[in-house]
Ligand code: G3H
Ligand code: 13P
Ligand code: ZN
Ligand code: NA
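In UniProt numbering, the protein residues as written are 2 to 310.
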């Protein structure tokens with residue numbers, strides 16, 4: 002059923018796992034993720050960015066997700082706005098059938114972030130929708146030579162607790178070393194578990210969100226490159242590091258880059274291996290299958306939500 006994230010996060014927190022939040026942009030991606038969620042009997046979050054809403058058109062996303070939910074009624078599915086940049090976009094999604102929205106005010110000063118998050122929370126809660134907020138700046142750790150530099154960018158645990166109390170947001174994305182995209186670390190991968198632990202102590206039973214949590218799976222990068230791609234120097238968060246975070250307060254793990262890589266690798270392979278083919282169904286089917294396989298693997302080995310419904 003289409004649902005908000007409250008119950009899935011509550012169970013995830015107690016069960017020391019997380020829920021995978023996968024970015025969706027078209028029908029094949031939604032189908033691949035849902036096939037995997039069905040096979041793994043796991044709740045799942047389907048999230049659309051402002052870019053996804055622009056690409057597909059928001060009603061297409063909403064209706065594709067509703068159709069997928071009808072196909073697998075036993076699977077709890079949340080439809081979530083990823084990185085909403087202002088109140089109006091959040092409102093538009095709430096009015097349009099989303100069950101969860103993120104207001105990303107991380108670029109604003111603390112007070113301004115609090116002010117807009119509160120406004121979103123008020124409207125969302127009045128409409129039965131939950132709100133994810135963000136505090137801290139996502140960034141790789143290599144630029145941060147000193148503890149002071151890290152403190153300036155990573156989420157301050159005390160501030161996080163204050164932010165949640167002031168805004169009433171239902172979950173909070175924090176910065177502890179991850180970053181968006183395929184190039185997360187030039188040096189060694191790093192996650193600040195100590196900071197996560199502190200946040201967990203100050204906000205008991207409160208769901209924390211990890212953005213920028215793709216592993217940048219080497220097999221898919223290699224396949225992209227083998228079949229004419231050029232993805233060089235890509236590096237993500239190792240699976241065991243994410244798995245550990247999922248056993249802690251992290252209840253939502255965001256994955257987009259790994260979907261892009263899996264799908265592109267499979268489509269490149271299909272096009273190169275079958276140069277006579279020009280039926281899009283053929284290579285999109287390969288792309289969809291790769292998304293399904295990758296998401297199944299995430300659910301089993303990374304977020305740990307298999308057979309949790
Ligand atoms: O965090 C960003 C997500 O990967 C979505 O990316 O804005 O290009 O759709 P996008
Ligand atoms: P990745 O780029 O690591 O997949 O992160 C996705 C994300 O955080 C979406 O909000
Ligand atoms: Zn993100
Ligand atoms: Na968890």
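Ideal Cβ positions, reconstructed from N, Cα and C, are used throughout, including at glycine.
- For residue 224, the enclosing alpha helix (DSSP H) starts and ends at 219-227.
- Note on geometry: alpha-carbon atoms of residue 111 and residue 305 lie some 33 Å from one another.
- Within the chosen limit of 7 Å, the ligand ZN reaches the beta carbon of residue 213 through at least one heavy atom.
- If you check the CB distance, residue 103 and residue 84 come in under 8 Å.
- Residue burial annotation: residue 278 is exposed, with fewer than 16 other C-beta atoms found within 10 angstroms of its C-beta.
- Residue 200 and residue 162 have their C-alpha atoms some 7 Å from each other.
- Just measuring C-alpha positions, the residue of 58, 71, 237, 118 sitting nearest residue 213 is 237.
- Counted as a single uninterrupted DSSP element, the beta strand (DSSP E) harbouring residue 21 occupies residues 20-24.
- Around the beta carbon of residue 185, 16 or more other beta carbons sit within 10 angstroms, so the residue counts as buried.
- For residue 223, the closest of 3, 290, 192, 263 by C-alpha to C-alpha distance is 263.
- Across the set 41, 209, 166, 54, the C-alpha of 209 shows the shortest separation from the C-alpha of residue 243.
- The beta carbon of residue 302 lies closer than 8 Å to those of 240, 244 in the same chain, with the five residues before and after it left out.
- Counting along the chain, residue 210 sits inside the beta strand (DSSP E) bounded by residues 209-211.
- Between the beta-carbon of residue 257 and that of residue 215 there is about 7 Å, and that keeps the pair under the 8 Å contact cut.
- Distances from the CB of residue 24 to the heavy atoms of the ligand 13P include at least one below 7 Å.
- Your pair residue 53 and residue 45 does not check out as a contact, with CB atoms roughly 16 Å apart and the cut at 8 Å.
- It is roughly 20 Å from the alpha-carbon of residue 205 to the alpha-carbon of residue 155.
- In the three-state reduction of the DSSP assignment, residue 133 falls in the strand class.
- Annotation for residue 103: the continuous beta strand (DSSP E) segment containing it runs 101-104.
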